[in-house]
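Visitor: The structure is given below, and queries will be raised subsequently.
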Amino acid sequence: MLIAVGLGNPGEEYARTFHNAGFLFADALSALLNVRLKDKECKSLTGKFYNGSEKIVIAKPQTYMNLSGDAVRELIGKYGAKESEVMIVYDDADIPLGTLRIRRDGSAGTHNGMRDVILKAGYVPRIRIGIKKDTEKPLRDYVLGGLGADDMKILTESAERAAKAVGDYIYNRDFERIMREYNG
Numbered sequence: 003m004l005i006a007v008g009l010g011n012p013g014e015e016y017a018r019t020f021h022n023a024g025f026l027f028a029d030a031l032s033a034l035l036n037v038r039l040k041d042k043e044c045k046s047l048t049g050k051f052y053n054g055s056e057k058i059v060i061a062k063p064q065t066y067m068n069l070s071g072d073a074v075r076e077l078i079g080k081y082g083a084k085e086s087e088v089m090i091v092y093d094d095a096d097i098p099l100g101t102l103r104i105r106r107d108g109s110a111g112t113h114n115g116m117r118d119v120i121l122k123a124g125y126v127p128r129i130r131i132g133i134k135k136d137t138e139k140p141l142r143d144y145v146l147g148g149l150g151a152d153d154m155k156i157l158t159e160s161a162e163r164a165a166k167a168v169g170d171y172i173y174n175r176d177f178e179r180i181m182r183e184y185n186g
């Protein structure tokens, strides 16, 4: 069992923002595995993939970012997953734009959505997609502001690398290897 959750905000007005890096990941993983995110369950859009008999659930919570823990908790409960069988992917303003940080657990840093996940669902494995740039904007305006073509390209490529890392993990189950190969 693996539940791969990309954090973001529903709605077209958020589609081209840094805060939707997790949704870009979920879309990229869905494309990689040829899965449609069409089911509505556990406050999320979901799609399922089977690697042999193992169920893989891909989810995009529809709760808005700061309440992401509600959806993750419901997904864990519905599928009877352990914390170690969840992978959360989200943007992180504390690491450089375009980099990935894969960890088994850790703090939420400045990310309110991940803070809610930890509070409601526990310390779960995660992939942070770096979005940090030199800016004078307040954090909220920065993560929710519209992106230009160059930043959108970098964010999309990072989300695709995160999807490839999770795809590798699905088939190989070697967490240490994906950390070595994809971190940075």
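Straight run, no breaks: the sequence shown in the numbering used here ends on number 186. Backbone N, C-alpha and C fix where the C-beta goes; we use that ideal spot for every residue, glycine too.
1. Can you look up ARG18 in the DSSP assignment and give me helix, strand or coil?
2. Is it buried or exposed for SER55, if we count other Cβ within 10 angstroms and need 16 for buried?
3. Using the DSSP secondary-structure output, state which residues sit across from PHE51 in a beta bridge.
4. Using the DSSP secondary-structure output, state which residues sit across from ARG117 in a beta bridge.
5. On the three-state DSSP scale, how would you describe ILE136?
6. So GLU85 and VAL126 are supposed to be a Cβ contact under 8 Å. How far apart are they, rounded?
7. Taking its Cβ as the centre, do 16 or more other Cβ atoms sit within 10 Å of ILE19, making it buried, or is it exposed?
8. Where does the unbroken alpha helix (DSSP H) through MET154 begin, and where does it stop?
Guide: Reading from the atomic positions:
1. In the three-state DSSP reduction, ARG18 falls in the coil class, being neither helix nor strand.
2. exposed
3. Beta-bridge pairing links PHE51 to ILE58.
4. Its beta-bridge partners do not exist; DSSP assigns none.
5. The amino acid occupying residue 136 in the given sequence is Asp; Ile does not appear at that position. Looking at ASP136 - three-state DSSP - the assignment turns out to be coil, as it is neither helix nor strand.
6. 5 Å
7. Inspection of the sequence shows that residue 19 is occupied by Thr rather than by Ile. THR19 comes out buried.
8. 151–174
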